[in-house]
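Report on one structure; see the data block that follows.
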Amino acid sequence: MKASMNKFLFFLLIIAIACSPKSDLTETYRPQVHYTPAKNWVNDPNGLVYLDGEYHLFYQYNPEGNVWGHMSWGHAVSTDLQNWEELQVALPEIINSDGTIEGIFSGSAVVDSLNTSGFFEPGFKNGLLAIYTANVTKGEEQIGQNQGIAYSSDKGHTWTYYDQNPVLDIGLKDFRDPNVFRYKGKWKMVVSVPLEFKVQIYESDNLKSWSLLSEFGKMGDTAKIWECPSLFPVPVENSTDQKWVMMVSSAGEDIRFTGMQYFVGDFDGKTFTADKQEGVKRIDYGKDFYAAIPFNNLPQSKKNPVIMGWINDWEYARDIPTVDFRGSFSFPRKLSLIKNGDDFQLNQVPVVSSSIPLKSEKLQISDLKKALEWDMADNTYHLNLEIDLAGSNGFQVALLKHEKNETVITYTVNDQILSLDRTQSGRVDFNEKFPSIEKMKVIPVAGKILLDIYLDQHIIELYANGGQKVLTDMVFPTSQKGKVIISFLETN
Ligand code: FRU
Numbered sequence: 001m002k003a004s005m006n007k008f009l010f011f012l013l014i015i016a017i018a019c020s021p022k023s024d025l026t027e028t029y030r031p032q033v034h035y036t037p038a039k040n041w042v043n044d045p046n047g048l049v050y051l052d053g054e055y056h057l058f059y060q061y062n063p064e065g066n067v068w069g070h071m072s073w074g075h076a077v078s079t080d081l082q083n084w085e086e087l088q089v090a091l092p093e094i095i096n097s098d099g100t101i102e103g104i105f106s107g108s109a110v111v112d113s114l115n116t117s118g119f120f121e122p123g124f125k126n127g128l129l130a131i132y133t134a135n136v137t138k139g140e141e142q143i144g145q146n147q148g149i150a151y152s153s154d155k156g157h158t159w160t161y162y163d164q165n166p167v168l169d170i171g172l173k174d175f176r177d178p179n180v181f182r183y184k185g186k187w188k189m190v191v192s193v194p195l196e197f198k199v200q201i202y203e204s205d206n207l208k209s210w211s212l213l214s215e216f217g218k219m220g221d222t223a224k225i226w227e228c229p230s231l232f233p234v235p236v237e238n239s240t241d242q243k244w245v246m247m248v249s250s251a252g253e254d255i256r257f258t259g260m261q262y263f264v265g266d267f268d269g270k271t272f273t274a275d276k277q278e279g280v281k282r283i284d285y286g287k288d289f290y291a292a293i294p295f296n297n298l299p300q301s302k303k304n305p306v307i308m309g310w311i312n313d314w315e316y317a318r319d320i321p322t323v324d325f326r327g328s329f330s331f332p333r334k335l336s337l338i339k340n341g342d343d344f345q346l347n348q349v350p351v352v353s354s355s356i357p358l359k360s361e362k363l364q365i366s367d368l369k370k371a372l373e374w375d376m377a378d379n380t381y382h383l384n385l386e387i388d389l390a391g392s393n394g395f396q397v398a399l400l401k402h403e404k405n406e407t408v409i410t411y412t413v414n415d416q417i418l419s420l421d422r423t424q425s426g427r428v429d430f431n432e433k434f435p436s437i438e439k440m441k442v443i444p445v446a447g448k449i450l451l452d453i454y455l456d457q458h459i460i461e462l463y464a465n466g467g468q469k470v471l472t473d474m475v476f477p478t479s480q481k482g483k484v485i486i487s488f489l490e491t492n
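Counting in my numbering, the sequence shown runs from 1 upward without gaps.
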């Protein structure tokens, strides 16, 4: 009797554990102000589009697990670009009767308000169209990549694949990531030929039949294949001018890793011509910002493009030590161009939730007899620092300081380099390529450096001088809390 009672209690205990809310451990590293789906693998943002009061974020998603596979488009919506609601999978992979499978790779979405495609009821203005790459496989073999479309009349909740797909197939195995936009009464598409470091530009009246206009590429950084192109106008600050920007995902500042570059130039409706440039223009100097694309169809009042990127790096993406989810998305970033002589540089300002705790400080060496130490309540916060360099050799901001672990941001005056060192940031041994130090040049403004450091559990987005230079890196601290320690580097 007693034994069976014990068994019963044990059984109850097991049920209670199984039904209890997720323990903290499984949720470690879950960002609080960056979007992640409840579970599973994500990579590139897809089909960023605004429609009737809602921003849509579609994305590369594996509904079946937390490593890459079964590529489908996941879906989330937001009314403010800050709080996102996850919806059901929008575009699942397609299993054909001949045994081929079409993975739904990256692409874009447009609002076909004039019903140019003919998919919608006459006069219906809210038709959504997704233009994606079908990655066709049979068994283990990859057969080809072509561009397909799908349409939705209920704001992206349910979709129908076009029965005459593909709409663009040039017989290549690598031909992907169509990004479509409206320009002077026509649809334009930029799409990548990754192995040739090339972007093709196509045109269409109805989103179904496409003709080639021109090609761009084989310049800038060709250390890694080119993926996820986009082309859009960006306003120049303090002027009424705009220039066209071509963004491409390729290698990063450390060319062994993935990253993004951009070209500034002009687009005449047919051809994109890049201005002469010195070196490579980088969107982000960290290791973990890739595949960003802009929102389509933003309201007229918002003329600055807004982009979002995937936070991860293909070099170690599948090994990062998160549990339920793997991969996340950056803050939306509002873009402008800053003109300097003949050169134009992108400036990025994040759209950030006001709920993130803020600590703002103006610092100069004469006020700091010893290092500043702040105990932070948890690992999500925004530090806004204006640091006067006068009388110092630079400064150091150590984040997530706990026992031997820290992530260290250092600025050195003599070479004007801002670096982020994550070699002691906590869990770094899940992949030998992860521990690293990133560097970017930051020129002081009136003798000061302005830093906005956003930490969100495992994501650091670091904006220097109001967004002139940006660095995004993941870190995996071993403690849920840590100190911030700020010190100046003394002159000799
Ligand atoms: C970029 C990318 C795209 C492709 C997708 C597949 O990260 O390789 O070129 O469409 O991921 O998931």
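The beta carbon of each residue, even a glycine, is placed where N, CA and C say it ideally should be.
With distances taken between CA atoms, Asn379 lies nearest to Pro477 out of Ala317, Pro477 and Asp429.
Beyond the five residues adjoining it in sequence on each side, His382 comes within less than 6 Å, by CB distance, of Ile356, Leu358 and Tyr454 in the same chain, given in chain order. Per DSSP, the beta-bridge partners of Thr258 are Ala251. Distance from the CA of Tyr55 to the CA of Ala90, rounded to the nearest whole angstrom, comes to 15 Å. In the three-state scheme derived from DSSP, where H, G and I count as helix and E and B as strand, Ile365 is classed as helix. In the three-state DSSP reduction, Arg318 falls in the helix class (H, G or I). Leu195 sits in a helix when the DSSP states are folded into three classes. Within the stretch 72-116, not a single complete alpha helix (DSSP H) segment reaches 4 residues in length.
The closest CA to that of Ala38, considering only Glu64, Asn46, Asn304 and Gly426, is found on Glu64. According to DSSP, Lys287 shares a beta bridge with no other residue.
Rounded to the nearest whole angstrom, the C-alpha separation of Gly118 and Asn206 is 8 Å. With respect to Tyr202, Leu471 sits apart: the two C-beta atoms are not nearer than 7 Å. Counting every other CB atom within 10 Å of its CB across the protein chains shown gives Ala377 a total below 16, marking it as exposed.
Just measuring C-alpha positions, the residue of Leu87, Phe267, Asp288 and Pro92 sitting nearest Ala317 is Asp288. Per DSSP, Glu141 is one residue of the beta strand (DSSP E) stretching across Glu141 to Ser152.
Looking only at Glu373, Asp473 and Gln364, the smallest Cα-Cα distance to Ala390 is reached by Gln364. Counting only residues of its own chain and dropping the five nearest sequence neighbours on each side, Ser211 has a CB closer than 8 Å to the CB of Tyr202, Glu203 and Ser204. Taking 6 Å as the cut-off, the C-beta of Ala109 does not count as close to any heavy atom of the ligand FRU. Shortest Cα-Cα distance from Gly220 to any of Ile409, Glu196, Gly269 and Lys243 involves Glu196. Two segments are said to touch when three or more pairs of C-beta atoms, one from each, lie closer than 8 Å; by this definition the stretch 333-343 touches the stretch 226-243. Taking 6 Å as the cut-off, one finds at least one heavy atom of the ligand FRU near enough to the beta carbon of Asn43. The ligand FRU has a heavy atom closer than 6 Å to the beta-carbon of Glu227. Here the alpha carbon of Thr222 sits roughly 32 Å from the alpha carbon of Val413.
In the three-state scheme derived from DSSP, where H, G and I count as helix and E and B as strand, Glu54 is classed as strand. The criterion of a C-beta distance shorter than 7 Å is not satisfied by Thr137 and Phe105. Between the stretch 108-125 and the stretch 75-88 there are fewer than three C-beta pairs closer than 8 Å, too few to call the two in contact. Residue nearest to Ile459 within the set Asp452, Asp473 and Leu450 is Asp473 (criterion: CA-CA distance). Here the stretch 274-285 does not lie against the stretch 159-173, with fewer than 3 beta-carbon pairs under 8 Å apart.
In summary, Pro435 is exposed, with fewer than 16 beta-carbon neighbours lying within 10 Å of its beta-carbon over all protein chains present.
Runs of the beta strand (DSSP E) lying entirely within the stretch 381-425, each at least 3 residues long, are 392-402, 405-412 and 417-421 in chain order.
Asp177 and Glu141 have their C-alpha atoms spaced approximately 20 Å apart.
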